[in-house]
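There are 2 protein chains.
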Amino acid sequence: MPDYPVGAVRTNLRIVAALSSRTDAGVTELATELDLSKGSVHNHLTTLERLGVVVAEDGRYRLGLRLLDVGMQVRDGMELYQTARSPLAELASSTNESTALVVAEHGDAVYADVCDAARNDRRVRLGTRLPLHTTAAGKAVLAQYSLDEVEAYVETDGLQRRTNRTITDAASLRDELRTITDRRLAYDRGEAFTGMRAVAAPVRLPDHPPAAISVLGPGERFSGKRLEEDLPGLVISAANQIELTLTD
Amino acid sequence: MPDYPVGAVRTNLRIVAALSSRTDAGVTELATELDLSKGSVHNHLTTLERLGVVVAEDGRYRLGLRLLDVGMQVRDGMELYQTARSPLAELASSTNESTALVVAEHGDAVYADVCDAARNDRRVRLGTRLPLHTTAAGKAVLAQYSLDEVEAYVETDGLQRRTNRTITDAASLRDELRTITDRRLAYDRGEAFTGMRAVAAPVRLPDHPPAAISVLGPGERFSGKRLEEDLPGLVISAANQIELTLTD
DNA sequence: AAAAACCGTTCACTATCGCTAAACACCTCG
DNA sequence: CGAGGTGTTTAGCGATAGTGAACGGTTTTT
Numbered sequence: 001m002p003d004y005p006v007g008a009v010r011t012n013l014r015i016v017a018a019l020s021s022r023t024d025a026g027v028t029e030l031a032t033e034l035d036l037s038k039g040s041v042h043n044h045l046t047t048l049e050r051l052g053v054v055v056a057e058d059g060r061y062r063l064g065l066r067l068l069d070v071g072m073q074v075r076d077g078m079e080l081y082q083t084a085r086s087p088l089a090e091l092a093s094s095t096n097e098s099t100a101l102v103v104a105e106h107g108d109a110v111y112a113d114v115c116d117a118a119r120n121d122r123r124v125r126l127g128t129r130l131p132l133h134t135t136a137a138g139k140a141v142l143a144q145y146s147l148d149e150v151e152a153y154v155e156t157d158g159l160q161r162r163t164n165r166t167i168t169d170a171a172s173l174r175d176e177l178r179t180i181t182d183r184r185l186a187y188d189r190g191e192a193f194t195g196m197r198a199v200a201a202p203v204r205l206p207d208h209p210p211a212a213i214s215v216l217g218p219g220e221r222f223s224g225k226r227l228e229e230d231l232p233g234l235v236i237s238a239a240n241q242i243e244l245t246l247t248d
Numbered sequence: 001m002p003d004y005p006v007g008a009v010r011t012n013l014r015i016v017a018a019l020s021s022r023t024d025a026g027v028t029e030l031a032t033e034l035d036l037s038k039g040s041v042h043n044h045l046t047t048l049e050r051l052g053v054v055v056a057e058d059g060r061y062r063l064g065l066r067l068l069d070v071g072m073q074v075r076d077g078m079e080l081y082q083t084a085r086s087p088l089a090e091l092a093s094s095t096n097e098s099t100a101l102v103v104a105e106h107g108d109a110v111y112a113d114v115c116d117a118a119r120n121d122r123r124v125r126l127g128t129r130l131p132l133h134t135t136a137a138g139k140a141v142l143a144q145y146s147l148d149e150v151e152a153y154v155e156t157d158g159l160q161r162r163t164n165r166t167i168t169d170a171a172s173l174r175d176e177l178r179t180i181t182d183r184r185l186a187y188d189r190g191e192a193f194t195g196m197r198a199v200a201a202p203v204r205l206p207d208h209p210p211a212a213i214s215v216l217g218p219g220e221r222f223s224g225k226r227l228e229e230d231l232p233g234l235v236i237s238a239a240n241q242i243e244l245t246l247t248d
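Chains A and B, in that order, give the protein sequences.
According to UniProt numbering, the first sequence is numbered sequentially starting from 1.
According to UniProt numbering, the second sequence is numbered sequentially starting from 1.
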């Protein structure tokens, strides 16, 4: 079996991906970048335009907001999001920091909800995807995996480095995951973004994929007793609240 | 030329649309609904799964959050959004109501940003699409169209009714658009959702498609002097601020 | 002001591949 | 145990996605 049974869909999504990283693009530009013929790119673009995904303007093309609508619809349909919503908002106001709900998907930690206590730093926003092992919430999710699943993750995705503090050693990762399981708490000390820290608690639910919630912010505010005691207590109790409302 | 040069993309997006309206789905279920063979649906689903758009679980399939990421990326890339962000937030806090940034796309009013003063009513969220003529902001956008463009909109999209107050008559629409242009202000008195009102101001920018910002909320709070004077003043001055920062 | 160079669009062609229908493997029932 | 569900796989054919070249338009170069 070929890797992609419907090859045209792959081509199409390659075009969408190329468009998503720029404000707009021309046919030739995309054709050369993706190594396709101009005619083919043109066909895909007109198809996407007819379907309302792409907007054509003066012979140039850009992605519209249709995919945002679909994505938001998916997110709103998540039972976990619905119940985590208000606990997450309360956690944000009680800590006066940004909070997030994270689920695992295809080896990524995906931010399914983000509450900004105030100005967000724009590095983590709704929908952001980061390698699981580089974030507090991601590690809290990994800690719920079986040893085989963790190994499979390390094998397929690799322990990609993002900062000089990122865990890139499989043994260290296993050690940390054990600690996380024991203490029900995960830390991120600048492992995804330099200078950014986070505290996360796993959210375990029957018949649900593993998830986690986290509090994140600049390193200056995340230290001492606040980092070691205050934030952990608030995060864990919020996680408890979510688990309880969803297991009744 | 056929309507969709790359037919497989159309099939694929039909499957995505079907998936987006439910939590998950099976192959047979989708095949019967879309009038496709099981094998074809299966091919599309495995392709989407390999590409990270769909998540397979126990032989059932659901949309993942990849499209949300793409959609948010598109939104964040919009220059208008970036500059409207803080004025919109300020407008939300000064009115203590929800505010929105709306752009037109394929005949829809699309909510490119939504600030919730408090609990949102969930009927309008980020990415929501409504017919242009049914919302205050949408009408503020239509008022920037030429007469031909308005006629084209009425012709292709039709004046679909959403509530008993929706404008469904082309002549009434033209009259109202003229008033909106003159006063630089558009109202929605329950034309999209019964009991929901809004005040909107057009945002005109050179080299940018027409846009608008609006304040929206329950009808009880939107009446009298507040509706006729206070809110209009605040909305228009916010629109001014956006236009000025973007035309320098 | 030519003309060269670029663009997006269109066209004819063909090897590919998307789609169908049927068979298959697996599961859960009564 | 078989009957009726799944999701998956297969064989095969007809449609089509992609190519490469040509077309008309605009912009840039000379």
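Where a beta carbon is used, it is the ideal one built from N, C-alpha and C, also for glycine.
Test: residue i CB closer than 8 Å to a CB of chain B
i	result
Arg-75/A	yes
His-208/A	no
Tyr-4/A	yes
Glu-105/A	yes
Thr-23/A	yes
Ala-8/A	yes
Asn-43/A	yes
Val-141/A	no
Residue closest to residue i, alpha-carbon to alpha-carbon, out of the options
i	options	result
Arg-221/A	Leu-205/A, His-208/A, Ile-213/A, Val-199/A	Val-199/A
Leu-68/B	Arg-60/B, Val-54/B, Arg-123/B, Tyr-81/B	Val-54/B
Asn-136/A	Asp-121/A, Glu-155/A, Val-203/A	The sequence given here places Ala at residue 136/A; Asn does not occur at that position. Checking every option, the nearest Cα to that of Ala-136/A belongs to Val-203/A.
Arg-162/B	Thr-128/B, Glu-176/B, Phe-193/B	Phe-193/B
Ser-139/B	Gln-73/B, Ala-211/B, Gly-52/B	The amino acid at residue 139/B is misidentified as Ser; the sequence shows Lys. Among Gln-73/B, Ala-211/B, Gly-52/B, the Cα nearest to that of Lys-139/B belongs to Ala-211/B.
Asp-108/A	His-133/A, Ser-146/A, Glu-176/A	His-133/A
Ala-239/B	Ile-15/B, Gly-224/B, Leu-80/B	Leu-80/B
Ile-213/B	Ala-18/B, Asp-35/B, Ser-237/B	Ser-237/B
Gly-71/B	Leu-48/B, Tyr-111/B, Glu-57/B	Tyr-111/B
Tyr-145/A	Gln-160/A, Tyr-61/A, Glu-105/A, Arg-125/A	Glu-105/A
Arg-66/A	Val-74/A, Gly-59/A, Arg-60/A	Val-74/A
Ile-15/A	Leu-30/B, Arg-14/B, Leu-51/B	Leu-51/B
Glu-228/A	Leu-246/A, Arg-197/A, Leu-36/A	Arg-197/A
Thr-181/A	Leu-147/A, Arg-10/A, Arg-226/A	Leu-147/A
Leu-246/A	Arg-60/A, Met-78/A, His-44/A, Leu-36/A	Met-78/A
Short CB-CB distance (under 8 Å) between residue i and chain A
i	result
Thr-99/B	no
Leu-68/B	yes
His-133/B	no
Leu-34/B	no
Ser-20/B	yes
Arg-162/B	no
Leu-246/B	no
Gly-71/B	yes
Asn-12/B	yes
Ala-92/B	no
CB of residue i within 8 Å of CB of residue j, strictly
i	j	result
Asp-116/A	Ser-98/A	yes
Ala-143/A	Asp-113/A	no
Arg-189/B	Arg-165/B	yes
Glu-243/A	Leu-185/A	no
Val-102/B	Val-141/B	yes
Val-235/A	Leu-91/A	yes
Exposed unless 16 or more other CB atoms sit within 10 angstroms - verdict on residue i
i	result
Asn-12/A	buried
Ala-152/B	exposed
Met-1/A	Caution applies to Met-1/A, whose pLDDT of 49 falls short of 50 and renders its modelled position unreliable; the value that the coordinates give is listed next. By the neighbour-count rule (16 or more Cβ atoms within 10 Å), Met-1/A is not buried but exposed.
Asp-76/A	exposed
Gly-127/A	buried
Thr-47/A	buried
Arg-178/B	exposed
Arg-123/B	exposed
Leu-30/B	buried
Pro-232/A	buried
Thr-95/B	buried
Asp-209/B	A small fix is needed here, since residue 209/B is Pro in this sequence, not Asp. Counting Cβ neighbours within 10 Å, Pro-209/B comes out exposed, since fewer than 16 surround it.
Glu-191/B	buried
- Query: How do the region 34-46 of chain A and the region 3-12 of chain B stand: do at least 3 beta-carbon pairs fall below 8 Å, yes or no?
  - Reply: A contact between stretches requires three or more CB pairs, one per stretch, nearer than 8 Å, and the region 34-46 of chain A meets this requirement with the region 3-12 of chain B.
- Taking contact to mean at least 3 C-beta pairs separated by less than 8 Å, is the region 143-158 of chain A in contact with the region 215-231 of chain A? Three or more beta-carbon pairs separated by less than 8 Å are not found between the region 143-158 of chain A and the region 215-231 of chain A, which leaves the two stretches without contact.
- Item | Three CB pairs or more closer than 8 Å across the region 14-27 of chain B and the region 43-62 of chain B | When C-beta atoms of the region 14-27 of chain B are compared with those of the region 43-62 of chain B, three or more pairs fall below 8 Å, so the two segments count as touching.
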